[in-house]
Amino acid sequence: MKLREHLEQQGATEHMITLICRITDLCKDIANAILHQQGKAGTVNIHGDEQIALDTWADDHMIQGLRESKLVKTVASEEQDEVVEILKSDGEFGVTLDPLDGSSLIDVNLSIGTIVGIFEEGNVMEKGEKLDAALYVVYGPLTTLVYTIKKGVHEFVLNEIGDFILRKENLQIPQGKLYAPGGLAKDYLPWHSNYIKALGEKGYKLRYSGGMVPDVNQILHKGGIFTYPALQEKNQGKLRLLFECNPLSFIIVQAGGACSDGKQSILTKTPQGIGDRTPIYVGNKDAVLLAEKFCYESDQ
Ligand code: AHG
205 MKLREHLEQQ
215 GATEHMITLI
225 CRITDLCKDI
235 ANAILHQQGK
245 AGTVNIHGDE
255 QIALDTWADD
265 HMIQGLRESK
275 LVKTVASEEQ
285 DEVVEILKSD
295 GEFGVTLDPL
305 DGSSLIDVNL
315 SIGTIVGIFE
325 EGNVMEKGEK
335 LDAALYVVYG
345 PLTTLVYTIK
355 KGVHEFVLNE
365 IGDFILRKEN
375 LQIPQGKLYA
385 PGGLAKDYLP
395 WHSNYIKALG
405 EKGYKLRYSG
415 GMVPDVNQIL
425 HKGGIFTYPA
435 LQEKNQGKLR
445 LLFECNPLSF
455 IIVQAGGACS
465 DGKQSILTKT
475 PQGIGDRTPI
485 YVGNKDAVLL
495 AEKFCYESDQ
């Protein structure tokens with residue numbers, strides 16, 4: 205089954221269907237650009253123009269595509285310092301974008317991804333729990349799409365003629381024991397070090413690629429926990445609340461998992477600024493609760 209048909213079957217509104225299909229078409233262009241190594245910074249293309257970095261190209265391409273859709277009022281992109289207001293748009297949607305997450309992994313041929321959050325009513329500076337839809341695309345050996353409109357989490361795969369075809373419906377995060385811990389161990393807070401040690405003692409297996417999209421995707425399929433914690437000198441860790449943590453947490457929660465910054469659900473955090481970062485624990489409920497227990501006990 206193709207994506208549009210699936211969205212119709214899920215009861216998505218016509219505008220939501222058009223927007224998600226537009227976004228996923230733009231992701232197909234990104235997949236193609238990666239394949240043809242378009243936009244390698246510092247290189248010259250066949251027309252003799254100096255190329256821009258692929259992540260900058262992907263950002264421009266997605267924002268332009270959303271502008272042309274006339275469905276979107278505001279876009280917040282990881283690559284932009286401010287929320288982009290789309291003038292002359294009749295649209296009401298607010299979209300958060302990380303157009304190409306993990307772009308530093310392109311050189312070594314590891315998987316990378318695009319992350320998107322969708323609000324039906326234009327304000328993107330909202331708590332994650334207010335999202336109406338979220339999706340990510342993994343550019344790996346296969347190009348896969350995972351989306352939710354709050355009616356289950358569904359996976360599609362891009363076929364050879366450019367259609368996203370249903371691969372797995374109603375994904376539920378299984379009980380599993382993988383852990384993907386970001387950040388340098390020497391910079392961990394003591395309670396987080398103890399937590400990671402406890403996971404190891406419980407038989408968790410290390411699986412970390414350095415790309416949040418493939419790492420969280422693996423946790424969604426196999427179970428376990430992804431974390432990028434608060435660090436000694438960076439008390440909000442590295443990852444961005446609006447662009448990375450909210451949409452991916454939203455998907456994992458829709459698939460029966462949980463998310464936390466150690467003290468509260470990621471999805472209940474009110475953004476203070478577009479560039480907010482947050483520590484994150486996302487995956488199986490028991491592994492997230494265990495992180496909160498270690499965090500809580502460190503405060504006593
Ligand atoms: P970038 O897009 O700059 O490559 O960053 C990727 C993000 C995220 O995808 C990943 O989980 C995290 O940064 C990895 O950070 P470390 O390199 O510190 O592990």
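FYI, the numbering for the sequence shown is 205 to 504, going by our numbering. C-beta atoms are modelled at their ideal positions from N, C-alpha and C, and glycine is treated no differently. Predicted model only: the values in this text are computed from it and were never measured.
First through last residue of the alpha helix (DSSP H) which encompasses aspartate 233: In the DSSP assignment, aspartate 233 falls within the unbroken alpha helix (DSSP H) covering 218–239.
Spatial distance of cysteine 449 from glycine 317 (CA atoms): Roughly 14 Å between the two C-alpha positions.
Methionine 416 Cβ short of 7 Å to ligand 1 heavy atom set: Annotation for methionine 416 indicates a beta carbon within 7 Å of some heavy atom of ligand 1.
Extent of the continuous beta strand (DSSP E) run through glutamate 330: Judged by DSSP secondary structure, glutamate 330 falls outside any beta strand (DSSP E); it is assigned neither H nor E.
Beta-carbon proximity of threonine 443 to threonine 482, cut-off 8 Å: It should be noted that the sequence gives leucine, not threonine, for residue 443. Their beta carbons are under 8 Å apart, which means leucine 443 touches threonine 482 by this criterion.
Distance cut-off 7 Å: leucine 443 Cβ against heavy atoms of ligand 1: A heavy atom of ligand 1 is found nearer than 7 Å to the CB of leucine 443.
Heavy atom of ligand 2 within 7 Å of serine 293 beta-carbon: With respect to ligand 2, the structure offers nothing, as its ligand set consists of ligand 1.
Per DSSP, cross-strand counterpart(s) of valine 299: DSSP output for valine 299 lists Val279, Ile322 as bridge partner(s).
Beta bridge counterpart(s) of leucine 370 as assigned by DSSP: Leucine 370 pairs with Phe360.
According to DSSP, residues forming a beta bridge with lysine 497: Looking at the DSSP assignment, lysine 497 forms no beta bridge with any residue, so it has no partner.
Residues sharing a beta bridge with arginine 481, DSSP: Note: arginine 481 sits in a beta bridge opposite Arg444.
Between the CA atoms of serine 307 and alanine 257 - distance to the nearest angstrom: Rounded to the nearest whole angstrom, the C-alpha separation of alanine 257 and serine 307 is 9 Å.
Alpha-carbon spacing of tyrosine 500 relative to aspartate 367, whole angstroms: For tyrosine 500 and aspartate 367, the distance between alpha carbons rounds to 47 Å.
Cβ-heavy atom distance, glycine 386 to ligand 1, below 7 Å: Glycine 386 Cβ: within cutoff of ligand 1.
Contacting residues, own chain, Cβ-Cβ under 7 Å from lysine 274 (five flanking each side not counted): The residues are Ser293, Asp294, Gly295.
Run of the beta strand (DSSP E) containing glycine 428, from where it starts to where it stops: Taken as a continuous stretch (DSSP letters only), the beta strand (DSSP E) holding glycine 428 covers 428–432.
Min CB distance proline 475 to chain B below 8 Å: Among the chains in the structure shown there is no chain B, since it carries only a single protein chain.
Rounded straight-line distance, which links the Cα of histidine 240 to that of leucine 445: Between leucine 445 and histidine 240, the C-alpha separation is close to 31 Å.
Meets three-Cβ-pair contact criterion under 8 Å: the stretch 454–470 and the stretch 268–286: Three or more beta-carbon pairs separated by less than 8 Å are not found between the stretch 454–470 and the stretch 268–286, which leaves the two stretches without contact.
Separation of glutamine 504 from threonine 348, as counted between CA atoms: In this structure, the CA atom of threonine 348 is about 44 Å from the CA atom of glutamine 504.
Which listed residue (Ile267, Asp311, Ile484) has its alpha carbon closest to that of serine 281: Distances from the alpha-carbon of serine 281 to those of Ile267, Asp311, Ile484 put Ile267 closest.
For leucine 493 and tyrosine 343, the rounded distance between their alpha carbons: Cα-Cα distance, rounded: 31 Å.
Residue environment, glutamine 458, which counts as buried when at least 16 other CB atoms sit within 10 Å: By the 16-neighbour rule on beta-carbons within 10 angstroms, glutamine 458 is buried.
Identity of the residue in Val417, Gly380, Leu424 nearest lysine 406 by Cα: Taking the Cα of lysine 406 as reference, the smallest distance to any Cα among Val417, Gly380, Leu424 is reached at Gly380.
Same chain only: Cβ atoms within 7 Å of threonine 474, ignoring 5 sequence neighbours per side: Within the same chain, Cβ atoms closer than 7 Å to the Cβ of threonine 474 are found at Lys331, the five residues on either side in sequence being excluded.
Stretch-stretch touch, CB-based, cutoff 8 Å, three pairs: the stretch 407–414 with the stretch 431–441: As far as the Cβ criterion goes, the stretch 407–414 does not touch the stretch 431–441, which means the pair count is below three.
beta-carbon tyrosine 432 near ligand 1 non-hydrogen atom, thresh 7 Å: Inclusion of tyrosine 432 in the 7 Å shell around ligand 1 follows from its C-beta lying nearer than that to a non-hydrogen atom of the ligand.
Own chain residues within Cβ distance below 6 Å of serine 413, not counting five before or after: Same-chain partners within the cutoff: Leu314, Asp419.
Separation of leucine 291 from tyrosine 383, as counted between CA atoms: Between the C-alpha atoms of tyrosine 383 and leucine 291 there is a straight-line separation of about 44 Å.
Neighbourhood of glutamate 496 by C-beta, 6 Å cutoff - its chain only, sequence neighbours within 5 removed: Hits under 6 Å: Ser464.
Pick from Asn327, Asp302, Glu286 that is closest to valine 276, judged by C-alpha positions: Selected option, being the one with the closest Cα: Asn327.
Presumed contact (8 Å Cβ cut-off) between lysine 372 and glutamate 364, rounded CB distance: At roughly 19 Å, the Cβ-Cβ gap does not stay under 8 Å, so lysine 372 and glutamate 364 are not in contact.
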